[in-house]
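Asker:
In the working numbering, the protein residues as written are 2 to 135.
#1: For a test of the three-state rule: what should DSSP assign to residue 121, helix, strand or coil?
#2: Measuring CA to CA, which of 50, 11, 28 and 27 is closest to residue 38?
#3: Could you check what DSSP says for residue 10 in three-state terms: helix, strand or coil?
#4: Got a sec, what are the start and stop residues for the alpha helix (DSSP H) residue 64 sits in?
#5: Measuring alpha carbon to alpha carbon, tell me which residue in 27, 34 and 6 is nearest residue 100.
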């Protein structure tokens, strides 16, 4: 979304493009969540999944709050622009590293009875939206 401003997109076009990118991000986040839960379900025992998710959420929340507080409260002399850019680049690299790690996990046969494919799920959700408008 920052690239829109960098390339000089403004006005209603920028607004619609940002909304479109937010929709795309939301869909990608949903797919990533399903993939993460599938992987967690196949790699971590049932009794420990909640703890793993809890630790991950707690750690990420603490780091996000600490970084946000630093950038909000530190005087501008102590928070150079390159630091924010570096953190954003590091976040992108981390995302690609995680995607690579997930791609390398061998898919073992698991409990898949009753499972539906993504196209079946999308079709069912769209039908639900069109038929039940309440």
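Each residue gets a CB set at the ideal place from its N, CA and C atoms; glycine is no exception.
Answerer: Once the coordinates are examined:
#1: helix
#2: 50
#3: coil
#4: 50-74
#5: 34
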